[in-house]
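To keep things clear, I will list the structure first and then write my remarks on it.
In the numbering used here, the protein residues as written are 182 to 405.
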């Protein structure tokens, strides 16, 4: 949709946080410009030069925002999650989701900017809808903490930390404290993967040694 295009969605039941009500929706470019009474002067005036969508008998719902997705996620050197940026965002669009937020993954010794650039390159030209990124941090050190500020200035304002996955993403209590302090300084959001990764690894190894490798043991080695 070009920035100059006007669309009027007419005759539907517009769903909002307060319920559903009969209304016409005027869209300019890619933004909702107005929600007006059905057949109002504003709607009729906009419709003269607009593409009109008849929504009679339909619910009209704003595009959803899924703030936690894992598309094209490396699970191991041999395996990647099944949804690519292309297939995952097409599926999202069919379900009414128009924005997703995925994760860039920063590992120990890696500059946070490099992690973001790598993820942006993987998504470039593949997404059918809008997307953004959080940053998963596996290497919380002085350099990474300093570089978080640059990302916040550029619009990446949420950072994920891990109590799980020792040797990959795990941060100890001291690293987590420093990360939370930095998020407070920056006014950014801290996200936490809150599993006891060291204990899980022990339980997983014990289960494997007994031959308990069925899918049910994924949950049993991660008791609440």
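Ideal Cβ placement from N, Cα and C applies to all residues, glycine included.
* Considering residue 196, what are the terminal residues of the alpha helix (DSSP H) in which it resides? -> Counting along the chain, residue 196 falls outside any alpha helix (DSSP H), though it belongs to the beta strand (DSSP E) covering 187-197.
* With 16 other Cβ atoms within 10 Å as the buried cut-off, status of residue 288 -> Exposed is the call here.
* Taking 8 Å as the cut-off, decide whether the C-beta atoms of residue 232 and residue 188 are in contact. => Taking 8 Å as the Cβ cut-off, residue 232 and residue 188 qualify as a contacting pair.
* **residue 368 versus residue 392: straight-line alpha-carbon distance, rounded** => Roughly 47 Å separates the two Cα atoms.
* To do: Ignore the nearest five residues each way along the sequence and tell me which others in residue 256's own chain have a CB closer than 8 Å to its CB.
  => Excluding sequence neighbours, residue 256 sits near 262.
* For residue 234, which of helix, strand or coil comes out of DSSP? -> Strand at residue 234.
* Residue range of the beta strand (DSSP E) that includes residue 281 -> Its beta strand (DSSP E) spans residues 278-287.
* Contact the stretch 386-400 vs the stretch 355-370: 3+ CB pairs below 8 Å -> The stretch 355-370 and the stretch 386-400 do not touch, with fewer than three beta-carbon pairs separated by less than 8 Å.
* Asked: From residue 326 to residue 275, what does the alpha carbon distance come to, in whole angstroms?
  -> Residue 326 and residue 275: Cα-Cα distance of roughly 38 Å.
* To do: Express the C-alpha separation of residue 334 and residue 375 in angstroms, rounding to a whole number.
  => Going by the C-alpha atoms only, they are around 27 Å apart.
* Asked: Of all the options 372, 370 and 349, which has the alpha carbon lying nearest to the alpha carbon of residue 258?
  -> Answer by Cα proximity: 349.
* Residue closest to residue 294, alpha-carbon to alpha-carbon, out of 321, 319, 284 and 329 -> Per the Cα distances, 329.
* Going by alpha carbons, who is nearest to residue 210 out of 304, 186 and 323? -> Residue 210 has its Cα closest to that of 186, out of 304, 186 and 323.
* Cross-strand partners of residue 335 (DSSP beta bridge) -> According to the DSSP secondary-structure assignment, residue 335 is paired through a beta bridge with no residue.
* First and last residue of the alpha helix (DSSP H) that includes residue 400? -> Residues 397-401.
* What are the boundary residues of the alpha helix (DSSP H) that residue 300 is part of? -> Annotation: the continuous alpha helix (DSSP H) that includes residue 300 extends over 293-304.
* Asked: For residue 347, which beta-bridge partners are listed by DSSP?
  -> DSSP links residue 347 through a beta bridge to no other residue.
* To do: May I have the straight-line CA-CA distance separating residue 273 from residue 223, to the nearest angstrom?
  => C-alpha of residue 273 to C-alpha of residue 223: approximately 32 Å in a straight line.
* Between 252, 203 and 264, which lies nearest to residue 242 when the distance is taken from Cα to Cα? -> The shortest C-alpha separation from residue 242 is found at 203.
* Does the Cβ of residue 195 have 16 or more other Cβ atoms within 10 Å, making it buried, or fewer, making it exposed? -> Burial is judged here by how many other beta carbons sit within 10 angstroms of a residue's own beta carbon; residue 195 has at least 16 and is buried.
* Unbroken stretches of the alpha helix (DSSP H), 4 residues or longer, contained in the stretch 209-275 -> DSSP runs (the alpha helix (DSSP H)) wholly in the stretch 209-275: 222-228 and 266-275.
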